[in-house]
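Notes for the one structure printed next.
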Amino acid sequence: MFHELNDMRKQRELCQNRKASVLGALLASAAMLLPLANLVYADAAPEKGMVGIKYLNYHDSQTGDTPLTAGMSRDRIDVNALSFMGMVPIDGKWTIAGTFIEDSVTGASPAYHGWGFPAETASGASGDLRHAGDLNVTRYFSRGTLTLGTSYSEESDYKSLGCSLNGTLSTESKNTTLSLGTALNSDTIDLDRDTVVGGKRNPDPGRKTVFSGLLGVTRVVAQNDIMQMTMTMTHGYGYYSDPYKDPDIRPGHRNMFTFMTRWNHHFEGPNGTARLSYRYYSDSFGIKGHTFDAEYVQPLSNDWQITPLVRYYSQSAADFYVPTGSDPLVMTPTTGMAHYSEDQRLSAFGALSFGIKISKEFGDEWLADVKYEHSQQCYDWGINGKGDPGIPTFNMRAIQIGVSRKF
Amino acid sequence: MGGACEILLDGLGKKEAKKLSALGIKEVGRIERKYSRYRKESIVSKINAAAGVDWTECDQETAGLLEYTEMLYQSSGGLFDVTSGVLRRAWDFDKAAVPDPEELFPLLPLVGWNRVERRENAVRLPDEGMQLDFGGIGKEYAADAAAEVLCDHGARHGYVNLAGDIKVIGPRPDGEAWVIGIRDPRNPAGLIASIPVGAGAIATSGDYERFFESCGRRYCHIINPVTGFPVTFWRSVTVLAPLATTAGSCTTIAMLMGQDGLNYLKETGFKYLAVDQSGRTYYHH
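Dropping the structure here:
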């Protein structure tokens, strides 16, 4: 008798569960049928404000793993950065958002191809405290947004100020959004310092002005697919050389062009989202770069979320890059050249990065995340341009921890 | 349910049809008892009574309904707001008088779905005096749910009609569609269209359902939660959609959006028939 009652109860529960899920599905499909229920909100100002704090620990090193670079293994730069960010919505139509970063850099990058580190850890280019911040004001309209931004960055030998204006405009159906933006940056480099190489020392600072313009289109191509294309053109003129490197005279202007395309696809089954992107870069230094990015965001139970990511980057060398010869420790002659540099960042290489980000929401208000990324860059990993075998392999890892709260 | 309701079943014996329709009526009754704000024991009355005070536990079905209202709010840019029923305290259609601003405006701060607090299995209205009202969804949802029950029990031909919002179970036994007449919004006896519906649902919102006229103006029962005043652009909007819930929501959102409602209707991709204040008709079929 007891069993029978139990069975009946179970049967009823099953029945009720089935009913609840049928009705639930009914309402969910009723919602799905409404036009772009998820997207119409795109231009609405956020209802809640946010404050957050992030800590970043970055470390890089080089490995001399070829006969040419043997003995060049060493640690290079360590960065510890703390950033604070906040966003306040005002009156349902405006937001003010700001970030403040303080980071300290220790260690140094090589003065020549892969060697020539200052004896002390603090050189002109490092052992530094940097402060940076930005402030953005956004106005939300029914079919678009307008953002005015300013930024600054300051360290002992370098100061940068910037302002920007960005706008978005959506079609009536909200499934296509056009982005337009422009920015101006003005940088000042102190050249009147002991650590600046002899020939470049100057009581007048080096100055650089950079303009850029951006044009982008984002389109919802299907219920679960969003595509974006963005083009950025940048023109800069002024002091581009590195004051701490000796055989290093660069052109006085630099034009850059990037074309970025992204595709986000949402998978209904696992409820995850794949984000794929490709970026083409080209500049008047002669560098051409290709970046392939892929990440996958998977929400898990109890508000956990895991995002693995992988990135591949390849670039060709600048026209005026001076490769190492048969002995990388011997300086390559630059006689007769108007522009020249041994900076390995201007050489051809390929880089592969892996990372993972784990985040958890606590209620509706708190969010914590931790991200780890490791990257390795090698002279012969590129797909465009022949690398320089005299450049040691470069390794980087970064750990970032963040906490934010909505209010 | 405020209007004539019928369940029509075809292709069954009389006895079976009676038995089945009783199940459909039971389902409609269940939803009315659960979600009517006029019934003291309803979950809606409980949530409203606890406004400004406490959380009210809600079951899966109610949570689903609340999630749906969130989608409505988003889809309509905040115009379809289930907390706007409180404005009826000022708009008394029996009194047939335009309310004084002193009466109406203090109610506007009580409207705001975005402020309603929700947890997985509970809901709370933040301010005393706030109200939930599923009047704009409940009837259509009941039609869908009743049709679902009937379908589950073997009904294949017929429809559920709750005061003009119709969910079709299936076509006539000969495969022909049901022909649904759309009322002329200015002539209660006349029709402006007869629409064949073999599957899915059809719903109509109109300024003629509940209204009064004052100083030559018509004030209908669909109230814009932002202005606190009844909508005026459309006389009636009819939508055909796979579900009555969706069809009904689309007609109400179009009424609320006024002129922009036409773009909204186009975006839905559904068939529609809309009549504006000058009597001009717009349709997509």
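Which chain is which? The protein sequence lines are B and E, in order. With the first letter of the first sequence counted as 1, position 300 gets the number 301 in our numbering; the numbers rise by one all the way through. With the first letter of the second sequence counted as 1, position 13 gets the number 248 in our numbering; the numbers rise by one all the way through. No residue lacks a Cβ here, since even glycine has one placed at the ideal position from N, Cα and C.
### Query
Helix, strand or coil for Asp-327 of chain E per DSSP?
coil
#### Entry: Closest residue to Asp-205 of chain B among B:His-236, B:His-254, B:Met-33 and B:Thr-189 (Cα-Cα distance)
B:Thr-189
### Task
Ignore the nearest five residues each way along the sequence and tell me which others in Leu-345 of chain E's own chain have a CB closer than 8 Å to its CB.
Thr-318, Val-321, Asp-362, Gly-364, Met-365 and Gln-366
### Query
Say the cut is 7 Å; is the CB of Pro-465 of chain E nearer than that to a heavy atom of the ligand FMN?
You won't find the ligand FMN in this model; it holds no ligand whatsoever.
### Query
Closest Cβ-Cβ distance between Lys-506 of chain E and chain B: below 8 Å?
no
#### Entry: Beta carbon proximity, Pro-465 of chain E to chain B, threshold 8 Å
no
### Query
CA-CA distance, Leu-162 of chain B and Ile-91 of chain B?
26 Å
### Query
For the alpha helix (DSSP H) that contains Gln-309 of chain E, what are its first and last residues?
295–310
### Task
Please report the residue range of the beta strand (DSSP E) in which Cys-164 of chain B lies.
Residues 159–171.
### Task
Tell me, please, whether the CB atom of Pro-361 of chain E is closer than 8 Å to any CB atom in chain B?
no
### Query
So, is the C-beta of Pro-341 of chain E closer than 8 Å to a C-beta in chain B?
No, Pro-341 of chain E lies away from the interface with chain B (no Cβ there is under 8 Å from its Cβ).
### Query
Hey, how far is the Cα of Leu-508 of chain E from the Cα of Lys-289 of chain B?
56 Å
### Query
Of all the CB atoms in chain E, is at least one closer than 8 Å to the CB of Ala-31 of chain B?
For Ala-31 of chain B, the nearest CB of chain E lies under 8 Å from its own CB, placing it at the interface with that chain.
### Message
If you follow the beta strand (DSSP E) that Met-492 of chain E is in, where does it begin and where does it stop?
### Response
Taken as a continuous stretch (DSSP letters only), Met-492 of chain E belongs to no beta strand (DSSP E), being part of the alpha helix (DSSP H) at 479–492.
### Query
Mind listing which residues of the segment 339–371 of chain B have their C-beta closer than 7 Å to chain E's C-betas, in chain order?
none
### Task
Over the uninterrupted beta strand (DSSP E) stretch that includes Tyr-507 of chain E, give me the two end residues.
Annotation: the continuous beta strand (DSSP E) that includes Tyr-507 of chain E extends over 506–511.
### Message
Any beta carbon from chain E within less than 8 Å of Glu-269 of chain B's own beta carbon?
### Response
no
### Query
Are the C-beta of Leu-34 of chain B and some C-beta of chain E separated by less than 8 Å?
yes
### Message
Less than 7 Å between C-beta atoms, sequence neighbours within five positions excluded: which residues of the same chain meet that for His-267 of chain B?
### Response
The answer, listed in chain order, is Asn-225 and Thr-274.
### Task
May I have the straight-line CA-CA distance separating Glu-292 of chain E from Leu-301 of chain E, to the nearest angstrom?
Cα to Cα, the separation comes out at about 12 Å.
### Task
Report buried or exposed for Gln-63 of chain B, applying the criterion of at least 16 other Cβ atoms within 10 angstroms of its Cβ.
buried
### Task
Counting only the same chain and skipping the five closest in sequence on each side, list residues whose C-beta sits under 6 Å from that of Phe-350 of chain B.
Taken in chain order, the residues that qualify are Gln-378, Tyr-380, Gly-383 and Gly-388.
#### Entry: Distance, Phe-212 of chain B Cα to Ser-30 of chain B Cα
49 Å
### Task
Give a yes or no on whether the C-beta atoms belonging to Thr-262 of chain B and Thr-233 of chain B are separated by under 8 Å.
no
### Query
Is the shortest distance between the beta-carbon of Glu-103 of chain B and the beta-carbons of chain E less than 8 Å?
no
### Under the three-state DSSP convention, the category Thr-122 of chain B falls into
Confidence at Thr-122 of chain B is low in this model, with a pLDDT of 42, below 50, so the placement of that residue is unreliable and no value is reported for it.
### Task
Keeping to the same chain, check which residues put their C-beta closer than 8 Å to that of Pro-300 of chain B; ignore five residues upstream and five downstream.
Around Pro-300 of chain B: Asn-272, Gly-273 and Gln-306.
### Query
For chain B, is any of its Cβ atoms less than 8 Å away from the one on Pro-408 of chain E?
Interface criterion not met: the Cβ of Pro-408 of chain E is under 8 Å from no Cβ in chain B.
### Query
DSSP three-state call for Phe-369 of chain E: helix, strand or coil?
Reduced to three states, the DSSP call for Phe-369 of chain E is helix.
### Task
Quick one: list the residues of chain B neighbouring Tyr-303 of chain E, beta-carbon separation under 7 Å, in chain order.
Leu-28, Ala-31 and Ala-32
### Query
Is the segment 425–433 of chain E in contact with the segment 508–520 of chain E, if contact means three or more CB pairs nearer than 8 Å?
A contact exists between the segment 425–433 of chain E and the segment 508–520 of chain E.
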